[in-house]
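My numbering puts the first residue of the sequence shown at 12, with every later residue one more than the last. Even for Gly, the Cβ is constructed at its ideal location relative to N, Cα and C. Below is one structure, written out as structure tokens, with a few remarks after it.
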Amino acid sequence: MAAGATLLVAAVVATGTLLAAGVWGFGAAPGPGAAPVSNTRPTASSTPSVSVPAIPSPEFTPVPTPSATEPPPAPAPPAFDRAALSIDDPTSPWFVVNKLRPIPDGANYSPPDLVDLPAGMPNPNGYQMRADATAALDAMFQAGLAETGVQMVAQSGYRDYSVQVRAYDYYVNALGADGADLTSARPGYSEHQTGMAMDILDTVSGCSTDGRCFADTTAGQWLAGNAYSFGWVLRYPDGKTDVTGYEFEPWHYRWVGVPLATEMHATGIATLEEFFGLPAAPTY
Ligand SMILES: [Zn+2]
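Put into structure tokens, the structure is as follows:
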């Protein structure tokens with residue numbers, strides 16, 4: 012502080028001296044008839060030539076920027092291997108079933124590890140699913156409830172071949188064959204028969220597995236944004252009927268595992284057909 016004070020005093024003295032010199036610079040007091048000089052007289056603000064040395068202060072100490080202390084960027088993750096699992100084996104999480112890709116020997120296929128859904132999960136029709144999909148569904152329902160306060164419902168899970176025969180016939184009778192094919196799979200072509208698909212509704216909206224109602228609900232919106240992190244994909248997205256063969260089904264989710272669901276989310280590729288480079292399957 013003593014050094015700073017000394018500098019300040021020196022600066023004030025120097026400034027005063029120069030100001031005085033400026034005044035004196037006009038020479039003798041103006042005589043009669045002399046032009047007024049007041050307009051040209053320098054003012055204190057017009058003497059910037061006086062330079063006062065900066066006083067060192069902690070405020071001016073250079074501070075390292077955060078970027079200087081950040082670790083180097085992590086190496087890029089390895090490219091996603093789109094051939095890591097089978098898309099042809101109906102037991103594979105990546106199995107792709109659509110109107111051009113029936114379940115092999117579908118009339119006789121049933122998944123290997125069906126389990127009951129957890130006792131606390133709303134499951135009004137008593138459906139089962141495969142074990143890994145069931146665990147992922149439970150985790151997703153619990154997270155959704157915690158984050159939104161809305162309880163989701165397992166509306167329809169594994170359906171065996173004979174159940175799909177009845178379901179499809181029901182829709183044919185109600186809608187005709189063309190209408191039925193837009194909303195219900197023919198027997199042997201249903202993702203529900205894999206034990207890895209679930210129709211999800213909630214306990215509060217009153218929506219059903221029909222139309223677009225569920226898409227605008229709290230649960231439907233939460234699922235659309237978060238299901239991927241639990242390994243689920245919205246299998247029949249809006250605007251993809253020409254690829255999937257089905258109208259928008261905001262309730263129908265398919266478990267494919269976290270790695271694939273996350274990769275599809277990250278790349279913005281909405282359907283399994285497009286992701287794996289498979290032909291579009293609008294019709295049988
Ligand atoms: Zn479904």
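Residue environment, residue i, which counts as buried when at least 16 other CB atoms sit within 10 Å
{"i": "residue 58", "result": "Note that residue 58 scores a pLDDT of 47, beneath 50, so its modelled location is shaky; the value from the coordinates is reported in the next line. By the neighbour-count rule (16 or more Cβ atoms within 10 Å), residue 58 is not buried but exposed."}
{"i": "residue 115", "result": "exposed"}
{"i": "residue 231", "result": "buried"}
{"i": "residue 101", "result": "buried"}
{"i": "residue 137", "result": "exposed"}
{"i": "residue 121", "result": "exposed"}
{"i": "residue 124", "result": "exposed"}
{"i": "residue 250", "result": "exposed"}
{"i": "residue 93", "result": "exposed"}
{"i": "residue 81", "result": "exposed"}
{"i": "residue 37", "result": "In this predicted model, residue 37 has a pLDDT of only 40, less than 50, meaning its place in the structure is not dependable enough to derive any value."}
{"i": "residue 282", "result": "buried"}
{"i": "residue 95", "result": "exposed"}
{"i": "residue 141", "result": "buried"}
{"i": "residue 223", "result": "exposed"}
{"i": "residue 261", "result": "buried"}
{"i": "residue 85", "result": "exposed"}
{"i": "residue 198", "result": "buried"}
{"i": "residue 292", "result": "buried"}
{"i": "residue 157", "result": "exposed"}
{"i": "residue 83", "result": "exposed"}
{"i": "residue 195", "result": "buried"}
{"i": "residue 90", "result": "exposed"}
{"i": "residue 208", "result": "buried"}
{"i": "residue 113", "result": "buried"}
{"i": "residue 15", "result": "Low confidence applies to residue 15: its pLDDT is 45, below 50, so where it sits in the model is not reliable, and the reading given next is rough at best. Residue 15 is exposed by the Cβ-count criterion."}
Which listed residue (the options) has its alpha carbon closest to that of residue i
{"i": "residue 288", "options": "86, 98 and 80", "result": "98"}
{"i": "residue 239", "options": "279, 205, 164 and 83", "result": "279"}
{"i": "residue 248", "options": "190, 237, 241 and 263", "result": "263"}
{"i": "residue 272", "options": "235, 100, 258 and 199", "result": "235"}
{"i": "residue 128", "options": "113, 108 and 206", "result": "206"}
{"i": "residue 276", "options": "246, 195 and 112", "result": "246"}
{"i": "residue 159", "options": "88, 215, 259 and 284", "result": "215"}
{"i": "residue 126", "options": "146, 108 and 192", "result": "146"}
{"i": "residue 258", "options": "144, 191, 89 and 95", "result": "191"}
{"i": "residue 163", "options": "295, 283 and 213", "result": "213"}
{"i": "residue 144", "options": "103, 198, 85 and 161", "result": "103"}
{"i": "residue 286", "options": "107, 81 and 87", "result": "107"}
{"i": "residue 200", "options": "89, 266, 119 and 161", "result": "119"}
{"i": "residue 229", "options": "196, 155, 295 and 197", "result": "155"}
{"i": "residue 178", "options": "203, 88 and 157", "result": "203"}
{"i": "residue 166", "options": "211, 243 and 295", "result": "211"}
{"i": "residue 290", "options": "83, 90, 110 and 88", "result": "110"}
{"i": "residue 294", "options": "233, 266, 189 and 208", "result": "189"}
{"i": "residue 270", "options": "292, 226 and 242", "result": "242"}
{"i": "residue 117", "options": "139, 161 and 175", "result": "175"}
Three or more C-beta pairs below 8 Å linking the segment 171-186 and the segment 147-161: no
Contained beta strand (DSSP E) runs [length at least 3] in the segment 87-151, N- to C-terminal order: 125-127 and 139-141
Distance cut 5 Å, beta-carbon to ligand 1 heavy atom: residue list by chain order: 210 and 263
The segment 167-183 in contact with the segment 249-258 per 3-pair CB rule at 8 Å: no
Alpha helix (DSSP H) segments (min. 4 residues) lying fully within the segment 216-273: Within the segment 216-273, the alpha helix (DSSP H) runs of at least 4 residues that lie entirely inside it are, in chain order, 229-237 and 252-255.
Length at least 3, wholly inside the segment 157-226: the beta strand (DSSP E) runs in chain order: 163-167 and 208-213
Three CB pairs or more closer than 8 Å across the segment 126-146 and the segment 219-233: no
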